[in-house]
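To start, the structure itself, in structure tokens.
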Amino acid sequence: MPGKISASMMCASFAQLENDVRILENGEVEYLHIDIMDGHFVPNFTLGPDYVNALREITDIPMDIHLMVEKPENWIDVFSPQKGDIVVVHQEATHHLQRVLAKIKATGATPGVALNPATPLCMLENVLEDVGVVLIMTVNPGYAGQKLVPQTLQKIAVLKQQLESGGYAVEIEVDGNVNLENAALMRQAGADLFVAGSSGLFIPGQPLEDSIARLREVIR
Ligand code: DX5
Ligand code: ZN
26 MPGKISASMM CASFAQLEND VRILENGEVE YLHIDIMDGH FVPNFTLGPD YVNALREITD
86 IPMDIHLMVE KPENWIDVFS PQKGDIVVVH QEATHHLQRV LAKIKATGAT PGVALNPATP
146 LCMLENVLED VGVVLIMTVN PGYAGQKLVP QTLQKIAVLK QQLESGGYAV EIEVDGNVNL
206 ENAALMRQAG ADLFVAGSSG LFIPGQPLED SIARLREVIR
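If you read the sequence shown in the working numbering, its first letter stands for residue 26, the second for the next number, and so on.
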């Protein structure tokens, strides 16, 4: 299965949003990655439900909603998740992970769980039946433009091996510093879904169409 692209919309220009969305549609980008930050789980604020609603008005590209928030169980409904969307919560952000994942599944969206670079894979061993996506943070969450945490590449490879040996139908999503060089290494390690932001998609001076094509080539 070829790799898929999830465009990190916190890196897109607000001033030409609709124009960029049309280019993403033409490039058949599979998801719009929506980083939600609460200033507590991560020291930043980014996008919100109004932004998601505005996007839903102009495009049918499914949303890949990444909740970098404490107690994500309190915030699922405000994004009106629907079939075809992904909703990712952080294992570190809730005491009741399995319950949150079941709540997401009940909306029709695909449940996902994210791990920060320092969080070991063993924290997932009792929820691999409950998710369709595991998001491996390849940077420490909170900001665009950060550098890859190198040991996360091995984490991707170990997770891939665990999923294959356990027969789990789970995709590996990678998020952070997905430039062409890192994307190739992540793909080699077993990544399926690539969150592309300032490193690999929205690059000043490079047409978005070209960025999509170059990334597509590396992750095919
Ligand atoms: C990190 C963000 C990333 C970011 C990706 O917290 O969640 O998704 O937008 O952008 P770059 O490519 O700048 O790492
Ligand atoms: Zn993200």
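The beta-carbon is built from N, C-alpha and C at its ideal position, and this holds for glycine as well.
Owing to the predicted nature of the structure, the values given are computational and were not obtained by experimental measurement.
query: Taking DSSP as the reference, what is the three-state secondary structure of M26?
result: Mapped onto the sequence shown, residue 26 falls at position 1. M26 falls in the coil class under three-state DSSP.
field: Pairwise C-alpha distance: A216 and L188
entry: By one-based count along the sequence shown, residue 188 stands at place 163. By one-based count along the sequence shown, residue 216 stands at place 191. Pairing L188 with A216, the inter-Cα distance amounts to about 12 Å.
- prompt: Which partner residues does V114 have in the DSSP bridge list?
  reply: Counting from 1 along the sequence shown, the entry for residue 114 is found at position 89. Per DSSP, L92 and V138.
- request: Counting only the same chain and skipping the five closest in sequence on each side, list residues whose C-beta sits under 6 Å from that of L178.
  value: Here residue 178 refers to the residue found at position 153 when the sequence shown is read from its first residue. L210 and A214.
query: Once you ignore the five residues that flank I129 on each side, which residues in its own chain have a CB closer than 7 Å to its CB?
result: The residue you call residue 129 lines up with position 104 of the sequence shown. For I129, where only same-chain residues beyond five positions count, the Cβ hits under 7 Å are I101, P106, V112 and P136.
- request: For the beta strand (DSSP E) holding Y56, just list the boundary residues, first then last.
  value: As a first step, residue 56 must be located in the sequence shown, where it is residue number 31. Counting along the chain, the beta strand (DSSP E) containing Y56 begins and ends at Y56 to M62.
message: Suppose only complete runs of 3+ residues qualify. What are the beta strand (DSSP E) ranges in the segment 162 to 193, listed by chain order?
response: Fully enclosed beta strand (DSSP E) runs of no fewer than 3 residues are not present anywhere in the segment 162 to 193.
query: Under the rule that 16 or more other beta-carbon atoms within 10 Å means buried, what is F39, buried or exposed?
result: Taking the sequence shown and counting its residues from 1, one reaches residue 39 at position 14. Its Cβ having fewer than 16 others within 10 Å, F39 is exposed.
message: Between which two residues does the alpha helix (DSSP H) holding E196 run?
response: Taking the sequence shown and counting its residues from 1, the one referred to as residue 196 is at position 171. From DSSP, E196 is part of no alpha helix (DSSP H) but of the beta strand (DSSP E) over E196 to D200.
task: Would you check if the segment 216 to 227 and the segment 31 to 47 touch, i.e. whether three or more CB-CB distances between them fall below 8 Å?
output: At 8 Å Cβ cutoff, the stretches touch.
message: Quick check: V183 and V159, are their CB atoms within less than 7 Å of each other?
response: To locate residue 183, count along the sequence shown from 1; it is residue 158. To locate residue 159, count along the sequence shown from 1; it is residue 134. No, the pair does not count as a contact, with Cβ atoms beyond the cut-off.
query: What is the rounded straight-line gap between the Cα of D85 and the Cα of V103?
result: Counted from its first residue, the sequence shown places residue 85 at position 60. Counted from its first residue, the sequence shown places residue 103 at position 78. For D85 and V103, the distance between alpha carbons rounds to 19 Å.
- prompt: How is F104 classed by DSSP in three states: helix, strand or coil?
  reply: Reading the sequence shown from its first residue, position 79 is the one you call residue 104. In this structure, F104 counts as helix in the three-state DSSP scheme.
message: Between which two residues does the beta strand (DSSP E) holding V220 run?
response: As a first step, residue 220 must be located in the sequence shown, where it is residue number 195. Here the beta strand (DSSP E) through V220 covers L218 to A221.
- request: Grab me the residues of N207's own chain with a C-beta within less than 6 Å of its C-beta, minus the 5 sequence neighbours each way, in chain order.
  value: In the sequence shown, the residue the question calls residue 207 occupies position 182. Sequence-distant Cβ neighbours of N207 in its own chain, meaning closer than 6 Å and more than five residues away, are L173.
message: Taking DSSP's pairing of strands, which residues face V159 in a bridge?
response: The residue given as residue 159 occupies position 134 in the sequence shown. Residue pairing of V159 in beta bridges, as defined by DSSP: V138 and I197.
- prompt: Taking the alpha-carbon positions, what's the N141 to V67 distance?
  reply: Walking along the sequence shown from the start, residue 141 turns up at place 116. Walking along the sequence shown from the start, residue 67 turns up at place 42. N141 and V67: Cα-Cα distance of roughly 11 Å.
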